[in-house]
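Encoded as structure tokens, the structure appears first; notes follow it.
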Amino acid sequence: MKLFSLILTMVLALVLASCSNLGSVRTVNGNRVEVIEDPKDFGSIAYVEYFDYETLKARERKRADLAFEEPDYSNLLPNGYILVSVKTPTIGSANTKYWRVVVKDKSGEVVKRYQGKNSIADHQTTNGVTVWFNTMVVALPEITPPFDVYVVSDLVEKRWGARVLGK
Numbered sequence: 076m077k078l079f080s081l082i083l084t085m086v087l088a089l090v091l092a093s094c095s096n097l098g099s100v101r102t103v104n105g106n107r108v109e110v111i112e113d114p115k116d117f118g119s120i121a122y123v124e125y126f127d128y129e130t131l132k133a134r135e136r137k138r139a140d141l142a143f144e145e146p147d148y149s150n151l152l153p154n155g156y157i158l159v160s161v162k163t164p165t166i167g168s169a170n171t172k173y174w175r176v177v178v179k180d181k182s183g184e185v186v187k188r189y190q191g192k193n194s195i196a197d198h199q200t201t202n203g204v205t206v207w208f209n210t211m212v213v214a215l216p217e218i219t220p221p222f223d224v225y226v227v228s229d230l231v232e233k234r235w236g237a238r239v240l241g242k
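For what it's worth, our numbering labels the leading residue of the sequence shown as 76, then goes sequentially.
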């Protein structure tokens with residue numbers, strides 16, 4: 076049984092390692108994000124979601140309506156934010172202190188750098204396989220899509236890239 080599990084794991088690793096998300100586009104809250112750099116790391120993955128100011132206002136309006144309150148926009152980030160999610164095979168490697176984020180405008184100039192903080196990851200176990208995950212919220216400077224976001228793992232020395240395309 077152990078030999079079968081080992082062979083199955085190796086086959087899955089080879090199949091998944093050859094797969095790439097490069098060029099794929101995800102849409103969250105109407106904002107599209109394209110994968111522009113994928114290191115094909117079987118053990119870890121990072122992805123980006125974009126929340127612009129108008130999306131944040133709509134979410135606050137909905138929250139207020141549900142609670143029979145007036146919307147309070149005073150705490151919203153005026154330029155929106157990106158939510159960076161990482162998934163890794165170990166709790167230590169999912170600690171965001173080992174991850175950093177770099178945002179570049181459409182001319183390629185770095186407009187924001189963010190180093191993750193020490194944090195404890197959460198986990199999910201499916202069919203006996205545990206995956207550790209964590210998130211970082213990165214407030215954006217004044218910038219409009221398209222712009223690029225790079226997520227760097229200091230532990231595995233790899234980088235993931237995403238282009239925020241907007242609505």
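C-beta atoms are modelled at their ideal positions from N, C-alpha and C, and glycine is treated no differently.
Query                                                                                                  : Result
Delimiting residues of the beta strand (DSSP E) encompassing Ala121                                    : Ile120 to Phe126
The region 119 to 135 touching the region 98 to 110, judged by at least three CB pairs closer than 8 Å : yes
First through last residue of the beta strand (DSSP E) which encompasses Glu64                         : The question about residue 64 has no answer, for the chain in this structure spans 76 to 242.
For Pro157, the residue or residues it bridges with in DSSP                                            : Reading off the sequence shown, one finds Ile at residue 157, where the question assumed Pro. Tyr125 and Val213, per the DSSP bridge assignment.
Whole-angstrom distance between Val159 and Tyr125, CA atom to CA atom                                  : 9 Å
Touch test, the region 215 to 226 against the region 176 to 187, Cβ-Cβ under 8 Å, three pairs minimum  : yes
Burial state of Asp113 (16 or more Cβ within 10 Å)                                                     : buried
Per-residue burial, Val204 [other beta carbons within 10 Å of its own, 16 or more giving buried]       : exposed
Inter-residue Cα distance where the pair is Ser93 and Asn170                                           : Because the pLDDT at Ser93 is just 45, under 50, the model does not fix this residue reliably, and the point stays unresolved.
Ser119 versus Thr163: straight-line alpha-carbon distance, rounded                                     : 4 Å
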